[in-house]
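Protein chains in written order, with the working numbering: chain A, 37 to 352; chain B, 2 to 276; chain C, 1438 to 1753.
Using N, Cα and C, we set each Cβ at its ideal position, and we do this for glycine too.
The next block holds one structure in the form of structure tokens; read it before the comments.
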Amino acid sequence: MLTVSDLSVTLPMAGVPVPVLSGVSLTLPRGGSVGLVGESGSGKSMTALAVMGLLPPGARTGGQIGFDGHDLLAAPEAALCALRGRRIGMVFQEPMTALDPLMRIGAQVAEPLRRHLGLSRAAAAARAAALLARVGLAPPRVTPDLYPHQLSGGQRQRVVIAAALACGPDLLIADEPTTALDVTVQAQVLDLLAALTAEAGMALLLITHDLAVVSETVEQVLVMYAGRVVESGSTAAVFARMAHPYTRALFAASPHAAVGDPAPIPGVMPDPRARPPGCAFAPRCARAGGECTRTVPPLLGTDAHRVACFHPHAAR
Amino acid sequence: MKGSAWRSPSLLAGAAITAVMVAVALLSLVWTPYRPTAMDFVHRLAPPSAVHPLGTDSFGRDVLSMIMAGAQSSLTVALIAVAVGAGLGIPLGALAAARAGLLDDLVMRGCDLAFAFPALLTAVMITALAGPGAGNAMLAIGIFNIPVFARVTRGAARGVWAREYVLAARAAGRGDAAISVVHVLPNIAAVLMVQATIQFALAIVADAGLSYVGLGVQPPQPSWGRMLNEAQTFIWRAPLLAIFPGLAIMLAVLGLNLLGDGLQDLLDPRLRRAR
Amino acid sequence: MTETPLLEVTGLVRDYILIRPHPFAAAPRRRVLHGIDLLVPEGGSLGIVGESGSGKSTLARTVLALEPPQGGQVRLAGQDLFALGRAGLRAARRRMQAVFQDPYGSLDPRHPVGRIVAEPIVALEPGTGAAERRARVAAMLEDVGLAGMAGKYPHEFSGGQRQRIAIARALVTRPALVVADEPVSALDVSVQAQVLALMRELRARHGLAWLFISHDLGVVRWITARVAVLYRGRVVEEGPTASVFDAPRHPYTQALLAAMPRIGGQRRRAAPPVDADPPAAGCAYAPRCPRAIARCTAERPVLDGDGSHRAACHLA
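Okay, structure coming up:
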């Protein structure tokens, strides 16, 4: 349903065009779920913004983003507006800034229903109440006439999810939806997202810096580094092997890895204005050889598991 | 990063106009084409010419020389008025922000009270009571700048007080006064600078207003406001007499407002980085 | 025990004064800390774990003497911080410094790094000459891996580097105790590992004690020797980190651990909702607790157990 092929994005920085995304491809079937994992600067959020048609001004794009027969990169802004909120729902990291502090939560959930589906006030309100109940915000504890500041962080994020789900979108994009939340609340929100995709046949694009969050929520994983996909495949296959040294390093660095102390990744991600000619991870990689510094390794393998590395790890 | 100032046309235009105004005011201290008080009864109400570039007024005084000298008195009055307002208002506002509670309430209700009086009318009243003259004009305009600065400072400073680096400074052992000086004021300097240019422009208008009704700088020292006043008798015979000082006021205000806008963009390091 | 502990918190109570409902009413209060007892020995490390609303940040600010408590004491090397005068508190602050959560908010954007790191010296050791100050700042920056960066401004650094600057500032007066409130929560996982490794290394090198506050159990597990779990302003479990993580006794700790994201293994079901109000008497966790019995809502459990690992639960 969502097919991103060979997406590239160039942004002007201080007047110079800088490539921030190169050759990103992903396929998300109806009802499927994909996780984009990477550090800040890896291009994971930029990919989501490109899908939503919300790239910063001055961005130049290449490749295609196909959504149910539309090419989103070629679509006019009016067509994108009609899709956003109607067929593509969005959930962002900071629930407080995503909600209007002066609007009752019921009205915020009802707003897209009235705008996109043309529902009457009463019908929209009834539907909003049902949606809020679906995400676990039911009376008597939480009623639709509360304001965002009267809710906890996790409750607010559930309001945002309810609003994103209001029009029954085919695709939900969640950018770090649980980063600002406590672990127990994070677990609830992730469970909720997984249940909703399963029962509504909705596709989920989950963006996070935490491998642990994707490992238990999505079917497919794309690991991104410096604007490229370095490893992709089914979650089980990727975590079973972790072929790319960056995926392993990210795993080893996570305080949530099952065993051992977190091991920092030496060095920093290269500045997008001065990326090395070969593999962008080579300067930080213990396995890098001569060709790694000269040629960008292609993303090779089968649909079940691909890796962009000249010296991939064997199975763990 | 250094070139960013050149990409802001309003900053450039504002700075240029303001610089010309200041230069003219300074120049008038040492040189004007004629003495601004010298009367030439032969050439009264003369149109602009090579001899008198902006013409002469009803006493035959050179309009260009008067505008130059007027710039000096206008800018001086406005500068000192803003300095009085900022000098008292900023510390008051900073104090109110640092010590929430009773003191904050007192300062802010005091400001509300001051705002309840129409500024220019009260300035007229003060100068009428204390006697006309440049000094009292500065004081009268300055007093009404105090609550403006106090309120802006307090509002902006409250935002800084909520920042984590202030918490870090307190944990590092800084007292309230030191935090106000070291962290709060530098971080709201941009806001205050912008406010100061706006108040400067308003003070020029206020000074023109006071001298228009004869309560500002006293004759024979020329001022833009009194030039306007004197020009209105001859508005049909010599409309330029009113237009030139009017233009001078407009340019000064426009220049300062443009400068304020430009400074706002330039002084914010976050905006600078985003370029 | 004859030796005075470095930090001793006893019976700490903190109320927040809320807005009066009308001008003549007494201002209502909400108790955020209900009598907290903590102990950190010289060179030791204690983690405080809890969700938002547990009072952990309030605890940090009260221990740092940034907020006065309504009851109880905070003793640093035997001295009651709130009984000290201005000069005494200043001397105490030299021995106790802080690192805060937000690497973008905790550094004054208008000060160069050298001035930021020097701030505690300027404030707490006013007799220090400029040359000595510069030398100590330079040495400290070298310690955190940012040698020669004193002239740069915060916005020129990444989040991880900014947190290193914050750590350098905290250590420049050679304190005995550093209170760190969520120091890595705003960072990417890979950068978290770098900052944690640095904190551990500095702890060993300078014989520091840490009071480390975090909502992330994975992080706390790695950095501290002992851990205290906070729930609604009370310590519900306290003990050696390994023991608390491997054999949690309080149902809340068990729920927290179960909800932790995990790589490879499936997360267990999330804890039930957080929304219920605690009973006036009894255990605050009882409404959420799957194992609660009648006694839990009638009688408040006290922190109890064998000498080093204690839990406040009737069922432990």
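Quick one, which of the options has its alpha-carbon nearest residue i's?
i                  : options                                    : result
Leu2 of chain A    : A:Arg66, A:Leu241, A:Ser78                 : The structure shown has nothing for residue 2 of chain A, since chain A only spans 37 to 352.
Val1446 of chain C : C:Gly1472, C:Ser1622, C:Ala1723, C:Glu1674 : C:Gly1472
Asp246 of chain A  : A:Val332, A:Val73, A:Asp107                : A:Val73
Ala1497 of chain C : C:Ala1695, C:Ile1485, C:Val1681            : C:Ile1485
Leu1667 of chain C : C:Pro1727, C:Asp1653, C:Asp1539            : C:Asp1653
Gln222 of chain B  : B:Ala204, B:Leu30, B:Ser9                  : B:Leu30
Leu242 of chain B  : B:Met251, B:Leu252, B:Ile250, B:Glu231     : B:Glu231
Pro34 of chain B   : B:Thr154, B:Met228, B:Leu13, B:Ala70       : B:Ala70
Ser1489 of chain C : A:Pro176, A:Ser188, A:Ala198               : A:Ser188
Lys1493 of chain C : C:Arg1466, C:Leu1608, C:Ala1718, C:Val1450 : C:Val1450
Ala99 of chain B   : B:Arg164, B:Ala84, B:Leu229, B:Ala239      : B:Arg164
Leu57 of chain A   : A:Gly67, A:Gly51, A:Thr46, A:Pro65         : A:Thr46
Ala135 of chain B  : B:Val167, B:Ala207, B:Ala239, B:Met251     : B:Ala207
Gly247 of chain B  : B:Asp266, B:Gln265, B:Tyr213               : B:Tyr213
Phe1537 of chain C : C:Ile1700, C:Arg1571, C:Ala1617            : C:Ala1617
Leu226 of chain A  : A:Ala248, A:Asp206, A:His280               : A:Ala248
Val43 of chain B   : B:Gly15, B:Ala51, B:Phe60, B:Thr19         : B:Phe60
Pro300 of chain A  : C:Glu1638, C:Ala1662, C:Ala1723            : C:Glu1638
Val1581 of chain C : C:Val1500, C:Ser1651, C:Gly1480, C:Arg1640 : C:Arg1640
Ala318 of chain A  : A:Val266, A:Arg150, A:Leu91                : A:Val266
Residue i to residue j, Cα distance in whole Å?
i                  : j                  : result
Leu272 of chain B  : Arg1552 of chain C : The predicted model places Leu272 of chain B with a pLDDT of 49, which falls under 50 and marks its position as unreliable; any figure quoted below should be read in that light. Distance between the alpha carbons of Leu272 of chain B and Arg1552 of chain C: 22 Å.
Ala141 of chain B  : Ala95 of chain B   : 23 Å
Gln1631 of chain C : Met1533 of chain C : 23 Å
Ala146 of chain A  : Ser81 of chain A   : 27 Å
Pro291 of chain A  : Gly1655 of chain C : 5 Å
Met40 of chain B   : Ala47 of chain B   : 12 Å
Val171 of chain A  : Ile1558 of chain C : 51 Å
Gly1564 of chain C : Val1550 of chain C : 21 Å
Arg274 of chain B  : Ala101 of chain B  : Any reading at Arg274 of chain B must be qualified, since the residue scores a pLDDT of 43, below 50, and its modelled position is unreliable; no value is offered.
Gly1542 of chain C : Leu1578 of chain C : 19 Å
Leu193 of chain B  : Ala158 of chain B  : 10 Å
Val64 of chain B   : His53 of chain B   : 8 Å
Thr329 of chain A  : Asp211 of chain A  : 32 Å
Val161 of chain B  : Val167 of chain B  : 7 Å
Ala322 of chain A  : Val52 of chain A   : 32 Å
Gly174 of chain B  : Ala1560 of chain C : 6 Å
Gly56 of chain B   : Met22 of chain B   : 20 Å
Lys3 of chain B    : Ala17 of chain B   : Caution applies to Lys3 of chain B, whose pLDDT of 43 falls short of 50 and renders its modelled position unreliable; the model cannot decide the point.
Val1574 of chain C : Gly1566 of chain C : 12 Å
Arg276 of chain B  : Pro48 of chain A   : The predicted model places Arg276 of chain B with a pLDDT of 34, which falls under 50 and marks its position as unreliable; any figure quoted below should be read in that light. Taking the straight line from one Cα to the other gives about 10 Å.
Ala1665 of chain C : Gln1691 of chain C : 13 Å
Met1438 of chain C : Arg277 of chain A  : No answer about Met1438 of chain C holds up, because its pLDDT of 47 lies below 50 and its placement is not dependable.
Thr338 of chain A  : Ser270 of chain A  : 10 Å
Val332 of chain A  : Pro298 of chain A  : 28 Å
Compute the beta-carbon to beta-carbon distance between residue i and residue j, rounded to the nearest angstrom, for a pair I have assumed lies under 8 Å.
i                  : j                  : result
Val1657 of chain C : Ala1748 of chain C : Incorrect: roughly 17 Å between the Cβ atoms, too far for contact.
Pro187 of chain B  : Arg1547 of chain C : 5 Å
Ala289 of chain A  : Ser1745 of chain C : 31 Å between Cβ atoms; not a contact.
Ala133 of chain B  : Gly261 of chain B  : Strictly speaking, residue 133 of chain B in this sequence is Pro, with Ala absent from that position. Wrong, their Cβ atoms sit about 30 Å apart, outside the cutoff.
Ser66 of chain B   : Pro37 of chain B   : 4 Å
Ile127 of chain B  : Gly86 of chain B   : About 14 Å separates the two Cβ atoms, so there is no contact after all.
Leu1483 of chain C : Thr1610 of chain C : Contact doesn't hold; Cβ gap of about 21 Å is too wide.
Got a sec, what are the start and stop residues for the beta strand (DSSP E) residue i sits in?
i                  : result
Phe346 of chain A  : Phe346 of chain A -> no beta strand (DSSP E), and no H or E assigned at all.
Ser1482 of chain C : 1482-1486
For residue i, report the span of its alpha helix (DSSP H) as first-last.
i                  : result
Thr38 of chain B   : Neither: Thr38 of chain B is in no alpha helix (DSSP H) and is coded neither H nor E.
Trp1647 of chain C : No alpha helix (DSSP H) holds Trp1647 of chain C; the beta strand (DSSP E) holding it covers 1646-1651.
Phe275 of chain A  : 271-277
Gln1600 of chain C : 1596-1608
Ile141 of chain A  : 141-153
Gln224 of chain A  : 219-236
Output, in sequence order along the chain, the residues in the region 1551-1579 of chain C whose CB is closer than 7 Å to any CB in chain B. Glu1556, Pro1557, Ala1560, Leu1561
Taking any Cβ of chain A, which residues in the region 1646-1661 of chain C have a Cβ under 8 Å from it, in chain order? His1652, Asp1653, Leu1654, Gly1655, Val1656, Arg1658, Trp1659
If you measure beta-carbon to beta-carbon, which residues of the region 1614-1629 of chain C are closer than 8 Å to chain A? Asp1625, Val1626, Ser1627, Val1628, Gln1629
In the region 168-193 of chain B, which residues sit with their C-beta less than 9 Å from some C-beta in chain C, listed in chain order? Leu168, Ala169, Ala170, Arg171, Ala172, Ala173, Gly174, Arg175, Gly176, Ala179, Val183, His184, Pro187, Asn188, Ala190
Residues of the region 1484-1506 of chain C in Cβ contact with chain B at a cutoff of 8 Å, in chain order, please. Arg1498, Leu1501, Leu1503
What residues in the region 1528-1547 of chain C bring their beta carbon closer than 8 Å to a beta carbon of chain B? Arg1530, Arg1531, Gln1534, Ala1535, Phe1537, Gln1538, Asp1539, Gly1542, Ser1543, Leu1544, Asp1545, Pro1546, Arg1547
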